[in-house]
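J.: Next up is a structure, given as structure tokens.
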Amino acid sequence: MKALTKTLSFVVLMSIFAMGSAFGQANKHLLNFRGVDKSGINVFEAPKTPNKTFDGLFVWVGGDFALQFQGLSQTNSGDSLADIKNNFNLPSANLNLDVQLEKGLRMHLRTYLSSRHHTEAYVKGGYMQIDNLDFIQEGLLSELMESVRIKVGMDQINYGDAQFRRSDNASALYNPFVGNYIMDSFTTEPFIEFTVLNSGFIGVIGATNGRLNQSVTSSDEGYVVFGKLGVDIQPQRDLRLRLTGSFYSSSDKGTRDYIYGGDRAGSRYYSVAEGSDF
Numbered sequence: 018m019k020a021l022t023k024t025l026s027f028v029v030l031m032s033i034f035a036m037g038s039a040f041g042q043a044n045k046h047l048l049n050f051r052g053v054d055k056s057g058i059n060v061f062e063a064p065k066t067p068n069k070t071f072d073g074l075f076v077w078v079g080g081d082f083a084l085q086f087q088g089l090s091q092t093n094s095g096d097s098l099a100d101i102k103n104n105f106n107l108p109s110a111n112l113n114l115d116v117q118l119e120k121g122l123r124m125h126l127r128t129y130l131s132s133r134h135h136t137e138a139y140v141k142g143g144y145m146q147i148d149n150l151d152f153i154q155e156g157l158l159s160e161l162m163e164s165v166r167i168k169v170g171m172d173q174i175n176y177g178d179a180q181f182r183r184s185d186n187a188s189a190l191y192n193p194f195v196g197n198y199i200m201d202s203f204t205t206e207p208f209i210e211f212t213v214l215n216s217g218f219i220g221v222i223g224a225t226n227g228r229l230n231q232s233v234t235s236s237d238e239g240y241v242v243f244g245k246l247g248v249d250i251q252p253q254r255d256l257r258l259r260l261t262g263s264f265y266s267s268s269d270k271g272t273r274d275y276i277y278g279g280d281r282a283g284s285r286y287y288s289v290a291e292g293s294d295f
């Protein structure tokens, strides 16, 4: 059997987050939003914030920049591997756009400005998030919407919990390991998703067409249903308990499932084990 060993010397990742506002005053803010700084660490689903007021249209322009110094070594008794040294990798960058359109209505868009797998800038995905229906009619289903969230777009789906701390191209602040899991449960697909967040209970049900690349000429007529059930409670100040389980069910007409092959940015570790970007 071939023996493959990799020794981790050190990996240092520097992430810089630039944030600004194109409209409004400093006292305006995004609603039902996961913080992009250290306040977002160990946060999963974006919290519901019904007590915050809507102060008008607010555009948040942000960016992620990751410059990584890699110190790894590798040997393989069965075959030769690339001789890698300690040095910097090419940096990666994201452009993030979040817009508070109305009370309970927010838009998100992320563009990969520089990534390992593509030579040009391209859109990762985006979605509309609805936490309140007052923008349609004041008080419409207000009691229900205190616990319910609706998301629709072309972006990552809420499958599993690892996706909340994985590195997303240049966005690596949430990830203590820098690199993502080998079994990386991540994909971006057209989806609609309903989430219930109530006193620590988490329930998710959603659907996609199961495809990463879209085409009206494709013969793939399949679809995917996914969901999650769990609890997230903090009985004491220093004790938090979270347990969730997710499912992903693809119809028999589906020809491609990307749930463990949807990453388009590439691995954070360069030239390790093989020559692939992933």
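The number in this note's numbering is simply the position in the sequence shown, starting from 1, with 17 added.
We put the beta carbon where it would ideally sit given N, CA and C, even for glycine.
#1: Measuring straight from C-alpha to C-alpha, what distance separates L260 and V248?
#2: Please check the pair N175 and T212, which I expect to be a contact at CB under 8 Å, by giving their CB distance rounded to whole angstroms.
#3: If you compare alpha carbons, which of L84, S94 and D201 is closest to N104?
#4: Please name the residue in Y265, L114 and G156 whose C-alpha comes closest to that of V140.
#5: Using only the alpha-carbon positions, how far apart do N197 and S90 sit?
#6: Rounding to the nearest angstrom, what Cα-Cα distance links A43 and D54 in this structure?
#7: Quickly, what does DSSP pair V60 with across the bridge? List them, please.
#8: In chain order, which beta strand (DSSP E) runs of at least 3 residues are fully inside the region 179–260?
#9: Ordered along the chain, which non-local residues of its own chain (more than five positions away) have a Cβ less than 6 Å from that of S131?
#10: In the DSSP assignment, what residue or residues form a beta bridge with D115?
#11: Compute the distance between the beta-carbons of L112 and S164, then report whether it is under 8 Å.
#12: So R183 packs on D201, CB below 8 Å; how close in whole Å?
#13: Our contact map puts Q251 next to T205 with C-beta atoms below 8 Å; I'd like the distance itself, whole angstroms only.
#14: Do A63 and N186 come within 8 Å of each other at the CB atom, strictly closer than that value?
#15: Helix, strand or coil for K270 per DSSP?
#16: Per DSSP, M171 is paired with what?
#17: Work out the CA separation of N59 and V78 for me, nearest whole Å.
#18: Excluding the five sequence neighbours on either side, which residues of its own chain have a C-beta within less than 7 Å of the C-beta of L47, listed in chain order?
#19: Specify the secondary structure class of L161 as computed by DSSP and reduced to three states.
#20: Among all the DSSP beta bridges, which residues are the ones paired with A110?
#21: Pull up the CB-CB distance for F243 and S268, whole angstroms please, since I reckon it's below 8 Å.
#22: Would you mind sorting I276 into buried or exposed? The rule is 16 or more other CB atoms within 10 Å of its CB.
#23: So, for D178: in the same chain, excluding its five sequence neighbours on each side, which residues have a beta-carbon less than 7 Å away from its beta-carbon?
#24: Once you ignore the five residues that flank S266 on each side, which residues in its own chain have a CB closer than 6 Å to its CB?
#25: Using alpha carbons as the reference points, say which of R257, G278 and F218 lies closest to N230.
#26: Who are the near neighbours of G41 in its chain, counting only those whose CB is closer than 8 Å to its CB and skipping five residues on each side?
#27: Since F264 sits in a beta bridge, which residues does DSSP pair it with?
#28: Would you tell me roughly how many angstroms separate the C-alpha atoms of K45 and G52, rounded to the nearest one?
T.: So, to answer that:
#1: When rounded, the separation of the alpha-carbon atoms in L260 and V248 is 6 Å.
#2: Their Cβ separation, rounded to whole angstroms, is 7 Å, which keeps N175 and T212 in contact under 8 Å.
#3: With respect to the C-alpha of N104, the residue from L84, S94 and D201 having the closest C-alpha is L84.
#4: Selected option, being the one with the closest Cα: L114.
#5: If I take the Cα positions, the gap works out to 18 Å.
#6: Its pLDDT being 48, under 50, A43 is placed unreliably in this model, and the value from its coordinates should be taken loosely. Roughly 17 Å between the two C-alpha positions.
#7: Answer by DSSP bridge pairing: none, since V60 is not bridged.
#8: Counting whole runs of 3 or more residues, the region 179–260 contains the beta strand (DSSP E) stretches 205–215, 218–225 and 241–253.
#9: Correct list, in chain order: S109 and A110.
#10: Beta-bridge annotation (DSSP): D115 is paired with W77 and H125.
#11: In this structure, S164 does not lie closer than 8 Å to L112 by Cβ.
#12: R183 to D201, Cβ: 7 Å. Contact.
#13: Incorrect: roughly 31 Å between the Cβ atoms, too far for contact.
#14: N186 is not a Cβ neighbour of A63, given a cutoff of 8 Å.
#15: Under the three-state reduction of DSSP, K270 is assigned to coil, being neither helix nor strand.
#16: In DSSP, M171 forms a bridge with G143 and P207.
#17: Each residue's alpha carbon lies about 23 Å from the other.
#18: Contacts found: F75, W77, D115, Q117 and R123.
#19: Helix at L161.
#20: Its beta-bridge partners are F82 and S131.
#21: With 8 Å as the limit, F243 and S268 do not qualify as a contact, their Cβ atoms being about 12 Å apart.
#22: Classification for I276: buried.
#23: Correct list, in chain order: F61 and T261.
#24: The beta carbon of S266 is closer than 6 Å to those of V242 in its chain, skipping five residues each way along the sequence.
#25: For N230, the nearest C-alpha among the options comes from G278.
#26: Here G41 scores only 44 on pLDDT, less than 50, and its place in the model should not be relied on; the value that follows carries that caveat. Beyond the five residues adjoining it in sequence on each side, G41 comes within less than 8 Å, by CB distance, of D72, G73, L74, F75 and V76 in the same chain, given in chain order.
#27: Under DSSP, F264 takes part in a beta bridge, and its partners are G244.
#28: One C-alpha to the other measures close to 14 Å.
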